[in-house]
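**Q** Going line by line, the protein sequences match chains E and L. For the first sequence, the positions run 0 to 300 when numbering that gives the first Met the number 0 is used. For the second sequence, the positions run 0 to 580 when numbering that gives the first Met the number 0 is used. Below you'll find the structure I mean.
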Amino acid sequence: MIETKDLCKSFDGAKALDKVTLTVSDGEITGLVGTNGAGKSTLLRLMAGVLKPDAGTITVDGQPVWDDPKAKSQFVFVSDDPYFFNNATPKDMADYYRSLYPAFDKAQFDRLIKAFDLEMTRRVATFSKGMKRQLAILLAVCAKTKYVLLDETFDGLDPVMRAAVKSLFANEMSERGLTPLISSHSLRELEDICDHVGLLHKGGLLLSEDLDDMKTGLLKLQCVFSDENDAQNVSKSLKVLSDERQGRLHVMTVRGTREQVTEIFSHIDTVFFEILPLTLEELFIAETEGAGYDVRKLIIQ
Amino acid sequence: MMSENSSFSNFVTLQKNIFKRRKWLIVLAFVTFILFDAGFLSLYLTGLTRSSAIDAAKEMLGAGNINTVIVLVGSVLLAIEGFHWLSNKQKIDFYESQPISRNAHFVGVIINSAVILVTSYLTGIVLGLIVAASYKACTGAVVKTAFTGFGSNLILSLATFSVSTLAVMLTGTLAVSVIAAVVLLAFEPAFDACVNTCLMMLPTYNGRDFTTHCIFSPVETFYRPAWYAIPHNLLCAAIALVAAYLFYRYRKNEDAGKTVPLKAVRAITKAALIFLAAIIAGSFFEQSAGMAGGIISMIISALVVGGVMEAIYNADIRKVFKGLGFTAIGGVCAIVLMVFCRYDVVGYSRWIPDKAGVKSAYIVNTSGNEIEDTTYAASYMKLTDIDTVNHLLEIGEETTRNTPVEDGSPANTCEIKIYYRMKNGKTMSRKVYIPATARDLMNKVMGSEEFKEGFFRLYHDDDIAKGLKRASASIAYDNADADATRLYANSTDIYQSLKEAYLKDLEHYDFDTAGFKMEIGQIVLDIPSENGEEYLPVYASFSNTIQFLKDNHMYMDLPKKEVDRNSLYSGFYTFPEKISY
Chain E
0 MIETKDLCKS
10 FDGAKALDKV
20 TLTVSDGEIT
30 GLVGTNGAGK
40 STLLRLMAGV
50 LKPDAGTITV
60 DGQPVWDDPK
70 AKSQFVFVSD
80 DPYFFNNATP
90 KDMADYYRSL
100 YPAFDKAQFD
110 RLIKAFDLEM
120 TRRVATFSKG
130 MKRQLAILLA
140 VCAKTKYVLL
150 DETFDGLDPV
160 MRAAVKSLFA
170 NEMSERGLTP
180 LISSHSLREL
190 EDICDHVGLL
200 HKGGLLLSED
210 LDDMKTGLLK
220 LQCVFSDEND
230 AQNVSKSLKV
240 LSDERQGRLH
250 VMTVRGTREQ
260 VTEIFSHIDT
270 VFFEILPLTL
280 EELFIAETEG
290 AGYDVRKLII
300 Q
Chain L
0 MMSENSSFSN
10 FVTLQKNIFK
20 RRKWLIVLAF
30 VTFILFDAGF
40 LSLYLTGLTR
50 SSAIDAAKEM
60 LGAGNINTVI
70 VLVGSVLLAI
80 EGFHWLSNKQ
90 KIDFYESQPI
100 SRNAHFVGVI
110 INSAVILVTS
120 YLTGIVLGLI
130 VAASYKACTG
140 AVVKTAFTGF
150 GSNLILSLAT
160 FSVSTLAVML
170 TGTLAVSVIA
180 AVVLLAFEPA
190 FDACVNTCLM
200 MLPTYNGRDF
210 TTHCIFSPVE
220 TFYRPAWYAI
230 PHNLLCAAIA
240 LVAAYLFYRY
250 RKNEDAGKTV
260 PLKAVRAITK
270 AALIFLAAII
280 AGSFFEQSAG
290 MAGGIISMII
300 SALVVGGVME
310 AIYNADIRKV
320 FKGLGFTAIG
330 GVCAIVLMVF
340 CRYDVVGYSR
350 WIPDKAGVKS
360 AYIVNTSGNE
370 IEDTTYAASY
380 MKLTDIDTVN
390 HLLEIGEETT
400 RNTPVEDGSP
410 ANTCEIKIYY
420 RMKNGKTMSR
430 KVYIPATARD
440 LMNKVMGSEE
450 FKEGFFRLYH
460 DDDIAKGLKR
470 ASASIAYDNA
480 DADATRLYAN
490 STDIYQSLKE
500 AYLKDLEHYD
510 FDTAGFKMEI
520 GQIVLDIPSE
530 NGEEYLPVYA
540 SFSNTIQFLK
550 DNHMYMDLPK
560 KEVDRNSLYS
570 GFYTFPEKIS
580 Y
């Protein structure tokens, strides 16, 4: 488990992170979302032991991470602009990673390089940005560390590659309990992959919740009432977080369980009624609007 | 045991990885040393006689030549390349997130650099010695010279590497690291030279009292005697390396990319460089445009250098007017120093020591071999008549003060340096012009046994006597007649009789002789030693010496041509206007 507690970091007097407390649970994919400058990269660089916190603590499995090789051997950090040695090929980089991470799986790396259609002996410098990111992810996965920290790594991948990487993570999670921590400036990038999401804004953590918990208490429904007055009756029975109307069609986000909602609507005469799945975006909108934030401006692009 | 094995294994792995990254540097180091120590040596030795080849091999493989330059440049390169990742965010993210401690990184780069330099240099030397051997020039002396040079060059390299590492730690970009390394390596001698240039404006400044001897300049120290150079460069290396390590620990990784991350370092460097630039500009323009021109040039140079530095610091040309406070500090300090020196604000040139605080004194004339004369006088001249020396200084200071610097030496004077050995252990000195009117005082000083003992080396002649025993040593008489044949005598047989005769004549030697009489010739002691030739002036009044020369068939009359006769004028305490034989 990676834990940060009251983490603070400033750059030339400007606060980049302000008392951030976050837990990355083992075996889950945790997403960090926020706009540019929200503090995602800073948080990841602090977690990776690249930066030293001004205040607060960061531990990896209970061990402080700063300048501690043992704690750092638990993860690989893939920055938003991964570095490769001059003139190095994927093979050279694999050799280097193997020297640092004894459990590095060379055979798997060879397989994945082929699967991702990368050339083992071609100079990395000639790779496209997306190919470099793929290579960085493959190196990180094959290092067989418990955690991988990925800073906006998905943002440069095409949909096919993104799906392939997600599938790779899913396998690694089920086989050996890999715990990825992924940052992105777009909620949609993380929509179908994360178990837990933290929302960073201006150096503070606005929200950090399991998606299942969020989904359990929030429902999206659309309906057409026979009598428009029934809309008010619903408001009295359920906490309606939003109610958008298109003609007579209501699209409502409400707090409550599926059973509660079904029970209430069974007593109301509707022309049309349907419960829909909530997107991550809608979950965040619902959760943060109450706190006075317009999350659309923060993270949705 | 497990832990030790693991640590060693990690160390080996780290070294392997660093070596892989520095392949180009390793190739460069080996090629350079082999090229110069073996390749060029081979070309150099071709066609030389064996003795010349031995000398050439010594020169090429020893310290203070091309190997020293390679070692210097190589050390700077190794330090900057070794820690270059600290100035790049992408590389910082890569390296600092890996399971390697910061200490291991630091030590790893140092050891790796040492291994590259030592192995490549050693390879060059060994191949060089093999080349020398093929020319039959690989004697024990050559091997000794090569390995002594190897040792002293490595110590120089260690100091240079440490200073360059410190430069990297104080800066945040590669280009500025290089500039900082040059600044740190050259700053102390540059500062010393600039301050001395300024102090030279003080009329009686001798260039010694305020001279800050370079301690942290490996290159300047390298050329001093080994007993000084080795401990100083080791100390310099230790201090710079400890400082570099502390800055490395203190340094924030987010500072990568900033030219000079630490505000204090920015400010100090800026003020110091502005100070230097202003002094250089002021000294230059003060001579041609007077003090006002000098000050204006100092202000302009301070603004220009300050602006350039701010533009570099901020990587933004629009920031040239930032931090004017430190520009003012550097500039004002320089102007104050220059005004202080130019107008002698504290009365430096009126100083006369309290007799009670002086142990003894010695005087050196600036016309001869000043370094040798000063060293000899410092050892053997102990003038105890301080009242007379003080009186001489008083007259000299007045004469010197009243002579504007730009006018050069005042007429009818001779320049001397008076050194006081103070009872508190310090040595104070002044450089003054002595007028001909101080003849009585000078006679009193130069006529004394104390003066002669510290002026003529025949009084303490162990080196001369030893050197004259060598086969190639000789004694000759030179009357400066270009057409005359010099007569050489076997040195060992006649030296004692020469010494007896000359010392007898010196009993009557004083300022009247030295300052107002023309030499009729010189006895040349050609000694194969460090001092080389030793000249003993012969005056017409030196009857015992002249008799010695005649007895040994060495004497020659004065040359017929006036130009030859005048060439004998040595300038020691002489007043050309009043010279006669």
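Just so it is clear, CB atoms sit at the ideal spot from N, CA and C, and this is done for glycine as well. Given the structure is predicted, the values throughout are model-derived calculations rather than measurements.
On a Cα-Cα basis, can you pick out the residue from Arg-223/L, Leu-40/L, Cys-332/L, Leu-71/L that is closest to Glu-58/L?
**A** Walking along the second sequence from the start, residue 58/L turns up at place 59. Among Arg-223/L, Leu-40/L, Cys-332/L, Leu-71/L, the Cα nearest to that of Glu-58/L is on Leu-40/L.
**Q** May I ask you to verify whether the stretch 71–87 of chain E touches the stretch 105–121 of chain E, counting CB pairs closer than 8 Å and requiring at least 3?
**A** Verdict: no, contact absent.
**Q** Could you check whether the Cβ of Lys-90/L sits closer than 7 Å to any Cβ belonging to chain B?
**A** In summary, chain B is missing from the structure at hand, where the protein chains are E and L.
**Q** Cutting at 7 Å between CB atoms, please list the residues of its own chain near Thr-373/L, excluding the five before and the five after it.
**A** Walking along the second sequence from the start, residue 373/L turns up at place 374. Within the same chain, Thr-373/L has close Cβ partners Val-363.
**Q** Scan the stretch 110–158 of chain L and note each continuous alpha helix (DSSP H) run of 4 residues or more that stays entirely inside, going in chain order.
**A** Whole alpha helix (DSSP H) segments, 4+ residues: zero.
**Q** Okay, do the stretch 423–432 of chain L and the stretch 468–480 of chain L touch, 3+ Cβ pairs below 8 Å being the bar?
**A** As far as the Cβ criterion goes, the stretch 423–432 of chain L does not touch the stretch 468–480 of chain L, which means the pair count is below three.
**Q** On the criterion of 16 or more Cβ atoms from any shown chain inside 10 Å, does Asn-16/L qualify as buried, or is it exposed?
**A** Walking along the second sequence from the start, residue 16/L turns up at place 17. Burial call: buried.
**Q** Please identify the residue among Ile-328/L, Val-194/L, Thr-170/L, Leu-76/L whose C-alpha is closest to the C-alpha of Asn-252/L.
**A** Reading the second sequence from its first residue, position 253 is the one you call residue 252/L. Minimum Cα distance to Asn-252/L is reached at Thr-170/L.
**Q** Could you tell me whether the stretch 121–128 of chain E touches the stretch 60–68 of chain L, using the rule of 3 or more Cβ pairs below 8 Å?
**A** They do not touch, by the three-pair rule.
**Q** Do Leu-148/E and Leu-43/E have their beta-carbon atoms positioned less than 7 Å apart in this structure?
**A** Looking up residue 43/E in the first sequence gives position 44. Looking up residue 148/E in the first sequence gives position 149. Cβ distance < 7 Å, so Leu-43/E and Leu-148/E count as in contact.
**Q** If you measure between the beta carbons of Gly-176/E and Gly-26/E, is that distance less than 7 Å?
**A** In the first sequence, counting from the first residue as 1, residue 176/E sits at position 177. In the first sequence, counting from the first residue as 1, residue 26/E sits at position 27. Contact: yes.
**Q** Is there at least one Cβ from chain L nearer than 7 Å to Pro-63/E's Cβ?
**A** For the purposes of this step, residue 63/E is identified with residue 64 of the first sequence, where counting begins at 1. No, because no Cβ of chain L sits closer than 7 Å to the Cβ of Pro-63/E.
**Q** Quick check: Asn-543/L and Ala-500/L, are their CB atoms within less than 7 Å of each other?
**A** Position 544 of the second sequence, counting from 1, holds the residue named residue 543/L. Position 501 of the second sequence, counting from 1, holds the residue named residue 500/L. Cβ atoms of Asn-543/L and Ala-500/L: closer than 7 Å.
**Q** Using a Cβ-Cβ cutoff of less than 8 Å, which residues in the same chain neighbour Gly-216/E once the five nearest sequence positions on both sides are dropped?
**A** For the purposes of this step, residue 216/E is taken as the residue at position 217 of the first sequence. If we look at Gly-216/E and ignore the five residues flanking it on each side, its Cβ neighbours are Arg-254, Gly-255, Thr-256.
**Q** With DSSP as the reference, please indicate the residues paired to Asp-209/E in a beta bridge.
**A** Translated into positions along the first sequence, residue 209/E becomes position 210. Answer by DSSP bridge pairing, in chain order: His-195/E.
**Q** For the beta strand (DSSP E) containing Met-421/L, name the first residue and the last one.
**A** Here residue 421/L corresponds to residue number 422 of the second sequence, with the count starting at 1. Taken as a continuous stretch (DSSP letters only), the beta strand (DSSP E) holding Met-421/L covers 412–421.
**Q** Buried or exposed: where does Thr-172/L fall if 16 or more other Cβ atoms within 10 Å of its Cβ makes it buried?
**A** The sequence position of residue 172/L within the second sequence is 173, counting from 1. Classification of Thr-172/L: buried, given that the 10 Å Cβ count is 16 or more.
**Q** Give me the chain L residues within the contact set of Leu-99/E, using Cβ-Cβ distance strictly less than 7 Å, ordered along the chain.
**A** Start at 1 with the first residue of the first sequence, and residue 99/E comes out as number 100. Here the neighbours are Gln-97, Pro-98.
**Q** Run the CB neighbour count on Leu-512/L, radius 10 Å, all protein chains shown included, and call it buried at 16 or more, exposed below.
**A** Here residue 512/L refers to the residue found at position 513 of the second sequence. It is Thr, not Leu, that sits at residue 512/L in the sequence shown. Answer is buried; the Cβ neighbour count reaches 16.
**Q** Of all the options Gly-305/L, Ser-300/L, Gly-38/L, which has the alpha carbon lying nearest to the alpha carbon of Phe-320/L?
**A** In the second sequence, the residue the question calls residue 320/L occupies position 321. Here the closest residue by C-alpha is Gly-305/L.
**Q** Could I get the ranges of all uninterrupted alpha helix (DSSP H) runs contained in the stretch 151–228 of chain L, with 4 residues as the minimum, in chain order?
**A** Complete alpha helix (DSSP H) runs here, min 4: 173–198, 217–221.
**Q** Between which residues of its own chain and Met-213/E is the CB-CB distance below 6 Å, once the five residues before and five after are set aside?
**A** For this step, residue 213/E is matched to residue 214 along the first sequence. Cβ within range, chain order: Leu-282.
**Q** Is Pro-89/E closer than 7 Å to Met-130/E when the C-beta atoms are compared?
**A** Within the first sequence, numbered from 1, the residue matching residue 130/E stands at position 131. Within the first sequence, numbered from 1, the residue matching residue 89/E stands at position 90. No, these two residues do not count as a Cβ contact at 7 Å.
**Q** Taking only three categories from DSSP, how would you classify Val-239/E?
**A** Residue 239/E sits at position 240 when you count from the first residue of the first sequence. Strand, per DSSP.
**Q** What residues are listed by DSSP as bridge partners for Leu-6/E?
**A** Looking up residue 6/E in the first sequence gives position 7. For Leu-6/E, which the question treats as bridged, DSSP gives the partners Val-19/E.
**Q** With a cut-off of 8 Å on the beta carbons, I'd call Asn-232/L and Leu-155/L a contact; round off their distance for me.
**A** By 1-based counting over the second sequence, the position of residue 232/L is 233. By 1-based counting over the second sequence, the position of residue 155/L is 156. Going by Cβ atoms, the distance from Asn-232/L to Leu-155/L rounds to 6 Å, so yes, they are a contact pair.
**Q** For chain L, check one thing: does any of its Cβ atoms lie closer than 7 Å to the Cβ of Lys-18/E?
**A** In the first sequence, counting from the first residue as 1, residue 18/E sits at position 19. Cβ-Cβ to chain L under 7 Å: no for Lys-18/E.
**Q** For His-390/L versus Leu-440/L, is the C-beta distance shorter than 7 Å?
**A** As a working note, residue 390/L is residue 391 in the second sequence. As a working note, residue 440/L is residue 441 in the second sequence. Going by C-beta atoms, His-390/L is nearer than 7 Å to Leu-440/L.
**Q** Around the C-beta of Lys-443/L, are 16 or more other C-beta atoms found within 10 angstroms, so that it is buried, or is it exposed?
**A** For the purposes of this step, residue 443/L is taken as the residue at position 444 of the second sequence. Lys-443/L comes out buried.
**Q** Just grab the DSSP bridge partners of Asn-35/E for me.
**A** Here residue 35/E is taken as the residue at index 36 of the first sequence, counted from 1. None, per the DSSP bridge assignment.
**Q** For Leu-42/L, count neighbouring Cβ atoms within 10 angstroms of its own Cβ and tell me buried if that reaches 16, exposed if not.
**A** Counting from one through the second sequence, the residue named residue 42/L turns up at place 43. Leu-42/L comes out exposed.
**Q** Considering just the uninterrupted stretch of the beta strand (DSSP E) at Lys-219/E, what are its terminal residues?
**A** Taking the first sequence and counting its residues from 1, one reaches residue 219/E at position 220. That run of the beta strand (DSSP E) goes 217–224.
**Q** Between Thr-210/L and the rest of its own chain, which residues show a CB-CB distance below 8 Å, the 5 nearest in sequence each way excluded?
**A** Position 211 of the second sequence holds residue 210/L. With a pLDDT of 46 at Thr-210/L, under the threshold of 50, the modelled position of that residue is not reliable, and the figure given next carries that caveat. Taken in chain order, the residues that qualify are Asp-191, Asn-195.
**Q** Mind checking which residues open and close the beta strand (DSSP E) that includes Tyr-538/L?
**A** Residue mapping note: residue 538/L aligns to position 539 of the second sequence, counting from 1. Here the beta strand (DSSP E) through Tyr-538/L covers 532–538.
**Q** Following the continuous beta strand (DSSP E) through Gln-521/L, name the residue where it begins and the one where it ends.
**A** Mapped onto the second sequence, residue 521/L falls at position 522. Residues 518–525.
**Q** Can you find a C-beta in chain E that's less than 7 Å from the C-beta of Phe-93/L?
**A** Counting from 1 along the second sequence, the entry for residue 93/L is found at position 94. By this cut-off, Phe-93/L is an interface position.
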